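Remarks on the structure that follows.
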Amino acid sequence: MRTPTRSRSYLQVPIDESIANWPDERFWEELRLRLDPETADAIVAAPSVEKAIAPLRSFVAEPMRFGRLMLCGDAAHIVPPTGAKGLNLAVSDAVYLFEALIEHYSEKSDAGLDVYSSRALARVWKAERFSWWMTTLLHTFPGQNSFDRRIQKSERDYLVSSQAAQTVLAENYVGLLL
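Just add 8 to the spot in the sequence shown (first one is 1) and you have the working numbering.
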């Protein structure tokens with residue numbers, strides 16, 4: 009939930025699907041079909057604020073520094089929306105770069121700038137791993153066979169039954185410490 013009256017919801021559709029085929033009524037109907045009856049009945053449908061087809065893609069630019077150019081956020085890395093890590097990563101990049109620039113201008117030291125890329129990338133790859141894991145946990149993909157689907161179901165069952173797995177999920181979902 010974004011607010012008590014706003015949320016962001018995703019439905020998996022084929023990547024070649026047109027957003028024009030998804031009027032609000034179809035979206036709400038399909039969302040209700042994919043939820044348990046109690047949750048579906050509690051949904052209050054309203055006009056959408058924004059709709060888009062979001063590809064489940066990942067990208068990392070390495071390094072995140074090219075001479076005097078520092079990359080941050082989506083310019084440096086893309087994560088699929090499943091893990092909800094895009095904004096977290098952009099903010100951590102900005103914090104790391106802010107600290108490096110303060111050191112550069114106040115202490116006349118390039119040490120922070122010199123390690124910015126490696127420092128940020130260490131966090132980026134952890135978030136990429138988590139987003140990849142969440143995406144493979146929650147989405148189906150063309151070409152999946154019965155073995156792949158059973159592994160996926162087994163992973164979800166383990167997550168529901170294991171306190172350790174739930175702790176790892178919570179730690180990564182909330183966001184790793186800076």
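Where a beta carbon is used, it is the ideal one built from N, C-alpha and C, also for glycine.
Since the model is a prediction, treat every value here as computed from it, not as a measurement.
Between L129 and M78, the gap from beta carbon to beta carbon reaches 8 angstroms or more.
At a cut-off of 4 residues, the continuous stretches assigned as alpha helix (DSSP H) that sit fully inside the region 106-171 are 119-146, 154-169. Taking 8 angstroms as the upper bound for CB-CB distance, V103 and L186 are in contact here, some 6 angstroms apart. With a threshold of 16 other beta carbon atoms within 10 Å, A83 falls short and is exposed. Burial check for D101: the Cβ neighbour count within 10 Å reaches 16 or more, so the residue is buried. A direct Cα-Cα distance of roughly 10 angstroms separates Q152 from R158. Segment contact: the region 135-145 against the region 87-95, three or more CB-CB distances shorter than 8 angstroms; contact assigned.
For the 8 angstroms CB-CB criterion, V132 and V52 do not form a contact. Taking each of L121, V21, N180 in turn and checking the Cα distance to A62, the smallest one comes out for V21. For the 8 angstroms CB-CB criterion, K59 and I27 form a contact. If you ignore the 5 residues before and after L167, its C-beta comes within less than 8 angstroms of the C-beta of L145, A173, Q174, L177, all in its own chain and listed in chain order. CA-CA distance, Y113 to S125, rounds to 18 angstroms. Burial check for F155: the Cβ neighbour count within 10 Å stays below 16, so the residue is exposed. DSSP places R76 in no alpha helix (DSSP H); its state is neither H nor E. Around the beta carbon of A54, fewer than 16 other beta carbons sit within 10 angstroms, so the residue counts as exposed.
The continuous alpha helix (DSSP H) containing E37 extends over residues 32-42.
P88 is positioned such that its CB atom lies closer than 8 angstroms to that of S66. The three-state reading of DSSP puts T11 in strand, counting E and B together.
For E33, the closest alpha carbon among the candidates S56, P150, Y181 is that of S56.
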